[in-house]
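In the numbering used here, the protein residues as written are 3 to 208.
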């Protein structure tokens with residue numbers, strides 16, 4: 003396939019076997035394409051179900067774009083699976099899910115940019131909450147704000163963070179937190195000299 007050529011909306015034979023567990027930012031796109039093929043869902047269908055553009059989803063599947071947290075949440079909801087299932091984490095059904103420092107599934111901005119996030123506790127299925135550690139960039143990565151089903155909690159671990167809502171801008175320091183309806187348009191960036199870090203917990207839509 004030539005660079006930039008739209009992907010054919012069928013799943014090739016090489017993807018008829020499920021990708022290995024523990025998806026990274028490199029192979030999550032392959033896993034999304036595989037799960038879409040399992041459901042006989044076209045890119046148009048997935049775009050309609052998620053509210054994302056067909057061209058963006060195609061880039062994610064072809065590993066030309068790294069999906070944001072919002073994208074991961076919307077795609078998992080469209081497929082009817084947990085974030086852990088979408089990420090391909092090994093299932094450890096235990097009443098207590100311990101995640102050590104540095105563990106989880108990391109995702110980096112394509113091209114080695116500042117923005118990255120790490121999905122934590124994704125090995126546990128049927129969670130009421132989806133926790134992430136994020137390191138937002140110093141500049142907004144998109145002119146558009148994000149929305150997704152559920153509610154969201156953000157706690158600043160280090161640095162300073164700015165959250166832009168539809169009707170206000172909130173600036174936060176270490177120890178500050180905010181809880182809001184995720185359907186309110188929002189976007190996040192770091193302030194100050196260094197990239198900030200925050201814990202983000204998102205509830206499922208239901």
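Idealized CB from N, CA, C, for every residue including glycine. Just so you know, these numbers come straight off a predicted model, no measurement behind them.
- With a cutoff of 8 Å on beta-carbon distance, residue 134 and residue 71 are scored as near each other.
- Annotation: residue 197 is outside any alpha helix (DSSP H) and is labelled neither H nor E by DSSP.
- Residue 174 counts as buried, since no fewer than 16 other beta carbons sit within 10 angstroms of its beta carbon.
- Judged by DSSP in its simplified three-state form, residue 85 adopts helix.
- The C-beta distance from residue 154 to residue 190 rounds to 10 Å, too long to fall under 8 Å, and the pair is not in contact.
- Taking 8 Å as the cut-off, the Cβ atoms of residue 85 and residue 49 do not count as close.
- The beta carbon of residue 102 sits closer than 6 Å to no other beta carbon from its chain once the five residues preceding and following it are set aside.
- The beta carbons of residue 196 and residue 152 sit no closer together than 8 Å.
- Its Cα nearest to that of residue 177, the residue 159 stands out among 159, 168, 164.
- Straight through space, the alpha carbons of residue 123 and residue 98 are spaced by roughly 10 Å.
- In the DSSP assignment, residue 40 falls within the unbroken alpha helix (DSSP H) covering 30 to 40.
- Here residue 66 has no same chain residue with a Cβ atom under 6 Å from its own Cβ, once five neighbours each way along the sequence are excluded.
- Bounds of the alpha helix (DSSP H) holding residue 46 are 45 to 52.
- Closest in C-alpha terms to residue 132, from the list 106, 142, 81, 164, comes 106.
- For residue 100, no alpha helix (DSSP H) encloses it, and the DSSP letter there is neither H nor E.
- With a 10 Å radius around the Cβ and a threshold of 16 neighbouring Cβ atoms, residue 170 comes out exposed.
- In this structure residue 76 is buried. Its beta-carbon is surrounded by 16 or more other beta-carbon atoms within 10 angstroms.
- Residue 179: member of the beta strand (DSSP E) spanning 179 to 183, first to last residue.
- Residue 188 has 148, 167 as its beta-bridge partners, per DSSP.
- A straight-line Cα-Cα distance of about 13 Å links residue 62 and residue 88.
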